[in-house]
Amino acid sequence: MNLNPIFKQSASSPKPLTTLKPDRKDRSDKKHDMKFPVTPAQKALIRKLAVQQGMKGRETAFATKLLIEALSSMDGLPEYDYHDTKSYMHVKPGQLIYEKVFALAVENGLSERQVVTRLVIHSLVKRGNRV
1 MNLNPIFKQS
11 ASSPKPLTTL
21 KPDRKDRSDK
31 KHDMKFPVTP
41 AQKALIRKLA
51 VQQGMKGRET
61 AFATKLLIEA
71 LSSMDGLPEY
81 DYHDTKSYMH
91 VKPGQLIYEK
101 VFALAVENGL
111 SERQVVTRLV
121 IHSLVKRGNR
131 V
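Using UniProt numbering, read the sequence shown as starting at 1 and increasing by one per residue.
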């Protein structure tokens with residue numbers, strides 16, 4: 001009697017093959033989580049404005065609102081310096097807004113993160129805030 005399973009004489013049964021499930025359709029209201037770098041002053045400003053708008057604790061929703069405002073009133077992609085500060089905020093745009101951001105990124109040879117940063121900062125400046 002062998003205790004080592006390698007030396008067993010009995011044949012092992014083959015494992016059944018698993019079939020791949022067909023791809024499921026994405027939800028039409030799916031959100032895309034995108035993050036963008038902010039300075040501590042910009043982060044504080046966005047939080048302050050969110051509270052003033054009655055969106056306390058919902059900075060992501062407010063930043064998403066800023067992104068949508070910037071896209072709707074945009075003449076061209078604004079020029080702002082992009083610096084990765086390692087401190088991020090998030091936006092969660094829907095599919096249509098995400099596709100617009102992606103198209104702008106491809107068109108201008110930038111990353112999606114750079115486009116989002118430029119648009120959100122532009123929206124803050126347009127509201128009369130100093131960034």
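The beta carbon of each residue, even a glycine, is placed where N, CA and C say it ideally should be.
1) For residue 121, I'd like the list of residues in its chain whose CB is within less than 8 Å of its CB, leaving aside the five on either flank, ordered along the chain.
2) Excluding the 5 residues flanking residue 54 on each side, which residues of the same chain have their C-beta closer than 8 Å to its C-beta?
3) Tell me, please, whether the stretch 83-91 touches the stretch 27-43 by the rule of three or more beta-carbon pairs shorter than 8 Å.
4) How long is the line joining the alpha carbons of residue 103 and residue 44, rounded to whole angstroms?
5) Please state whether the Cβ-Cβ distance between residue 67 and residue 119 is less than 8 Å.
6) For a minimum of 3 consecutive residues, which ranges assigned as the beta strand (DSSP E) are wholly contained in the stretch 76-119?
7) Let me know the secondary structure DSSP gives residue 35 once reduced to three states.
In terms of the structure at hand:
1) 42, 78, 80 and 131
2) none
3) yes
4) 30 Å
5) yes
6) 88-91
7) strand
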